[in-house]
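S.K.: Those sequence lines, one after another, are chains A and B.
In terms of the working numbering, the first sequence opens at residue -1 and continues consecutively.
In terms of the working numbering, the second sequence opens at residue 23 and continues consecutively.
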Amino acid sequence: MRVLQVKDLEVYYGHIQALKGVTFHIKKGEIVSVIGSNGAGKSTTLMSIAGLIRPSSGSIAYLEKDLTTLDPYTIVRSGISMCPEGRRIFSNLTVRENLIMGAVQRKDKKGVLKDIDWVLSLFPALKDRLGQIGGTLSGGEQQMLAISRALMNRPPLLLLDEPSLGLAPFLVKKIFEVIVNLKNSGTTILLVEQNAKQALDIADRGYVMETGYISLEGTSDYLKHHKKVQAAYLGG
Amino acid sequence: MSYASYLIQQFVNALSLGSIYALVTIGLAMVFSVLRLINFAHGDLMMVGAYGILMLWKAGAPFWLAIVGGVVASGIMGLIMERFAYRPLRGAADMTTLLTSFAVVVLLENGAILVFGPNTRPFSILRFSVPTYNLSGTLISKIDLVTVILTLCTLLILALFIKRTKLGISMRAVADDLTASRLVGIKLNRVMVTAFFIGSLFAGVAGLFWGARAGKIDPLMGFIPVVKAFVAAVIGGFGSIAGAVLGGYVLGFAEVLFAGFLPPNYSGYRDAFVFVLLILILLVRPQGILGSRTRERRI
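(1) Grouping DSSP H, G and I as helix and E and B as strand, with all else coil, what is Y288/B?
(2) Does DSSP put S162/A in a helix, in a strand, or in coil?
(3) May I have the straight-line CA-CA distance separating Y16/A from T43/A, to the nearest angstrom?
(4) Put K236/A into one of helix, strand or coil per three-state DSSP.
(5) Are the C-beta atoms of R317/B and some chain A residue less than 8 Å apart?
(6) L50/B: which of A264/B, A234/B and Q32/B sits nearest, CA to CA?
(7) Residues in the same chain with beta-carbon distance under 8 Å from F88/A, minus the five sequence neighbours each way, listed in chain order, please.
(8) Using the beta-carbon of each residue, which ones in chain A are nearer than 8 Å to D198/B?
(9) Output the residue ranges of the alpha helix (DSSP H) runs that lie fully inside the stretch 134 to 186 of chain B and measure 4 residues or longer, sorted by chain position.
(10) Using a Cβ-Cβ distance cut-off of 8 Å, determine whether A48/A contacts chain B.
(11) Alpha carbon to alpha carbon, how far is G40/B from W79/B?
(12) Which runs of the alpha helix (DSSP H) fall wholly inside the stretch 238 to 275 of chain B and span at least 4 residues, in chain order?
(13) Using a beta-carbon distance below 8 Å, is L2/A in contact with chain B?
(14) Give the interface partners of V74/A over in chain B, defined as CB-CB distance under 8 Å, in chain order.
(15) Measuring CB to CB, does G204/A end up less than 8 Å from I33/A?
(16) Whole-angstrom Cβ separation of S31/A and E175/A, contact assumed at under 8 Å?
(17) So A16/A is in the beta strand (DSSP E); what residue range does that whole segment cover?
(18) Would you mind stating whether I184/B and L120/B have Cβ atoms separated by less than 8 Å?
(19) Quick check: the Cα distance between G159/B and R235/B, rounded to an integer number of angstroms?
(20) Going along chain A in order, which residues have a C-beta closer than 9 Å to the C-beta of S146/B?
(21) Could you check whether the Cβ of M80/A sits closer than 8 Å to any Cβ belonging to chain B?
(22) Can you tell me the Cα-Cα spacing of T169/B and A59/A, whole angstroms?
(23) Consult DSSP for S213/A and reduce its assignment to one of helix, strand or coil.
(24) So, does the stretch 149 to 162 of chain A touch the stretch 69 to 83 of chain A, judging by three or more C-beta pairs under 8 Å?
(25) Residues of the stretch 120 to 136 of chain A in Cβ contact with chain B at a cutoff of 7 Å, in chain order, please.
(26) My output table needs one value for I58/A: the three-state DSSP class, helix, strand or coil.
(27) Can you give me the C-alpha to C-alpha distance between T142/B and L230/B, rounded to a whole angstrom?
(28) Please name the residues in the stretch 167 to 200 of chain A whose beta-carbon is closer than 7 Å to at least one beta-carbon of chain B, in chain order.
(29) Answer yes or no: do V70/B and S96/B have a C-beta to C-beta separation smaller than 8 Å?
(30) Three or more C-beta pairs under 8 Å: does that hold for the stretch 59 to 71 of chain A against the stretch 191 to 211 of chain B?
(31) Let me know the secondary structure DSSP gives Y231/A once reduced to three states.
(32) Pull up the distance between the alpha-carbon of N35/B and that of G237/B, whole angstroms please.
(33) Indicate whether A148/A and R86/A have their beta-carbon atoms separated by less than 8 Å.
(34) Buried or exposed: M214/B, going by 16 or more other Cβ atoms within 10 Å of its Cβ?
(35) Does DSSP put L155/A in a helix, a strand or coil?
(36) I191/B CB to nearest chain A CB: under 8 Å?
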């Protein structure tokens, strides 16, 4: 079943066309990776899905419901959470308050408390940091917090924008392990990455983006062995 | 009168003046931190509150009901302002919203002159029959005492609200990172309206104390306090609510200090000395005492 269907998406920033007709889909329970270099339009695609950017044409459907013109909070409520590039945690709020904001639309207080325990079990490093101000966390901890905050909404579909950016290799490994665990427990994941090798290693399928359009798609194995991908993104 | 009791009187006087400045500045800071809007018309909300109280009281309402009614009137005027003057301009350039706020000032002040007349009106609602406490020679005005105590109570309630409630935390989240706030699903309108409403209620309370302190009100009464509140906000760190409170009290103490301890020939230059203090603070800490050096952002 297709959870997300993006069709012919076009986005302009002023006169500059950032997306030139992007079409792709995600099936339930998959990890789908979108790889590509800087400025290819990966983040723009994610931000359009999250409702931060209004596309000029094309459509985005989640479980056959049209999201194209909805506000971010309606999109969050329908079950899509995004962990943005650069983490964007609330740096003046405590870790606990950040997590509470991740669940800002939920009314079940008990469930929210339970889910704070759940995300802390995914990222035990945050456990001793609950009362600490977000801005004082290390980069790795901030990334863990950003993912945890997105998870607090219990989203069936999670959008991750460059979660490995600027992190030490052992932290990247840790975060990718958590992503695989989430998939195994039923979350559908759209992963945008410049780190093509690791993104394809954990993904079921992938798309390659180039300056505003999708140039290649297929299973991770197919992409990993494709000459073009090897030359441009896998270093050899 | 002994020197000690003179000091105590000046101290209470400064606390009371600082409390009023803190109340006005909080509203400015709240609206700025959430909407990135510099609302020059904030002082006129004090005027609306004060006139609301006076009219209700004159109409025969018991004094507590008049006060509550006037403060609520100020809150409602703030909501009207947000809805009709500022919301249509969301996302516009800072200069546009600043100019709009000047237009709102002109509208409200001239509207008040039209409705209430240009004359100063006596404002004696908090003038109790015995205006001072006499503590072994130290005279303390009851109005000052009421001002300080009620301000501390409202500050406590505000602190609980922004620390403990989901809406309060949302407000800080929006001030912190607007995009991230939208991403987690915060309803921006609700947060912005709340910030405006609370800020306006605080302006109404400040209007009550300001009028009571002077014993009179007039349609232009909001001008001086809003300018002072800007100074307080800059001293404390613009946009920070704790900074607003601190800046308000620093300003109150500075004014009383300059007025009380400068040689009589110079006390007329009180405000000049206050602005020199402002410049000195900004030279040392350009971001204000509690402000942080964060990037500019726009809604």
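Beta carbons are placed, not taken as given, at the ideal position from N, Cα and C, and that holds for glycine.
The structure displayed is predicted, hence computed values, not measured ones.
M.R.: Let me lay it out:
(1) By one-based count along the second sequence, residue 288/B stands at place 266. In the structure shown, Y288/B sits in coil (DSSP, three-state: anything other than H, G, I, E or B).
(2) For the purposes of this step, residue 162/A is identified with residue 164 of the first sequence, where counting begins at 1. It is coil, neither helix nor strand.
(3) Taking the first sequence and counting its residues from 1, the one referred to as residue 16/A is at position 18. Taking the first sequence and counting its residues from 1, the one referred to as residue 43/A is at position 45. For the sequence presented, residue 16/A should be read as Ala rather than Tyr. Whole-angstrom Cα-Cα distance: 9 Å.
(4) Here chain A covers residues -1 to 234 and nothing more, so residue 236/A does not appear.
(5) Translated into positions along the second sequence, residue 317/B becomes position 295. For R317/B, the predicted structure reports a pLDDT of 45, less than 50, and the residue's modelled location is therefore unreliable. A value from the coordinates is still provided. It does not: the Cβ of R317/B has no partner Cβ on chain A nearer than 8 Å.
(6) Residue 50/B sits at position 28 when you count from the first residue of the second sequence. Comparing Cα-Cα distances from L50/B to each of A264/B, A234/B and Q32/B, the minimum goes to A264/B.
(7) Here residue 88/A is taken as the residue at index 90 of the first sequence, counted from 1. Contacts found: E95, N96, M99 and G132.
(8) By 1-based counting over the second sequence, the position of residue 198/B is 176. What D198/B touches in chain A: F88, S89, N90 and L91.
(9) 164 to 186
(10) Counting from one through the first sequence, the residue named residue 48/A turns up at place 50. Output row for A48/A: interface = yes.
(11) Stepping through the second sequence from its first residue, residue 40/B is reached at position 18. Stepping through the second sequence from its first residue, residue 79/B is reached at position 57. Straight-line Cα distance between these residues: approximately 26 Å.
(12) 245 to 258
(13) Position 4 of the first sequence holds residue 2/A. Output row for L2/A: interface = no.
(14) Counted from its first residue, the first sequence places residue 74/A at position 76. Under the 8 Å cutoff, chain B gives L205, V206 and G207.
(15) For the purposes of this step, residue 204/A is taken as the residue at position 206 of the first sequence. For the purposes of this step, residue 33/A is taken as the residue at position 35 of the first sequence. Taking 8 Å as the Cβ cut-off, G204/A and I33/A qualify as a contacting pair.
(16) For the purposes of this step, residue 31/A is taken as residue 33 along the first sequence, with counting starting at 1. For the purposes of this step, residue 175/A is taken as residue 177 along the first sequence, with counting starting at 1. Not a contact, Cβ separation roughly 16 Å.
(17) What you label residue 16/A is simply residue 18 of the first sequence in a count that begins at 1. First-last of the beta strand (DSSP E) with A16/A: I14 to K25.
(18) Along the second sequence, one-based indexing puts residue 184/B at 162. Along the second sequence, one-based indexing puts residue 120/B at 98. No; because the gap between Cβ atoms is not below 8 Å, this pair is not in contact.
(19) By one-based count along the second sequence, residue 159/B stands at place 137. By one-based count along the second sequence, residue 235/B stands at place 213. For G159/B and R235/B, the distance between alpha carbons rounds to 22 Å.
(20) Working through the second sequence from its first residue, we reach residue 146/B at position 124. Near S146/B there are no residues of chain A at all, since even the closest Cβ is about 43 Å away, more than 9 Å.
(21) As a working mapping, residue 80/A is identified with position 82 in the first sequence. Yes, M80/A lies at the interface with chain B (some Cβ there is under 8 Å from its Cβ).
(22) To locate residue 169/B, count along the second sequence from 1; it is residue 147. To locate residue 59/A, count along the first sequence from 1; it is residue 61. The straight-line gap from Cα to Cα measures roughly 57 Å.
(23) The sequence position of residue 213/A within the first sequence is 215, counting from 1. Strand at S213/A.
(24) yes
(25) none
(26) Residue numbering aside, residue 58/A sits at position 60 when the first sequence is read from its first letter. If DSSP states are grouped into helix, strand and coil, I58/A belongs with the strands.
(27) Here residue 142/B is taken as the residue at index 120 of the second sequence, counted from 1. Here residue 230/B is taken as the residue at index 208 of the second sequence, counted from 1. Roughly 15 Å between the two C-alpha positions.
(28) none
(29) For the purposes of this step, residue 70/B is taken as residue 48 along the second sequence, with counting starting at 1. For the purposes of this step, residue 96/B is taken as residue 74 along the second sequence, with counting starting at 1. Cβ atoms of V70/B and S96/B: closer than 8 Å.
(30) yes
(31) Residue numbering aside, residue 231/A sits at position 233 when the first sequence is read from its first letter. The answer is coil: DSSP assigns Y231/A none of H, G, I, E or B.
(32) Taking the second sequence and counting its residues from 1, one reaches residue 35/B at position 13. Taking the second sequence and counting its residues from 1, one reaches residue 237/B at position 215. Using only the alpha carbons, I get a separation of about 15 Å.
(33) For the purposes of this step, residue 148/A is identified with residue 150 of the first sequence, where counting begins at 1. For the purposes of this step, residue 86/A is identified with residue 88 of the first sequence, where counting begins at 1. No. Outside cutoff.
(34) Residue numbering aside, residue 214/B sits at position 192 when the second sequence is read from its first letter. M214/B should be labelled buried.
(35) To locate residue 155/A, count along the first sequence from 1; it is residue 157. Strand at L155/A.
(36) Numbered from 1 along the second sequence, position 169 holds the residue referred to as residue 191/B. Chain A, which has a Cβ nearer than 8 Å to the Cβ of I191/B, makes this yes.
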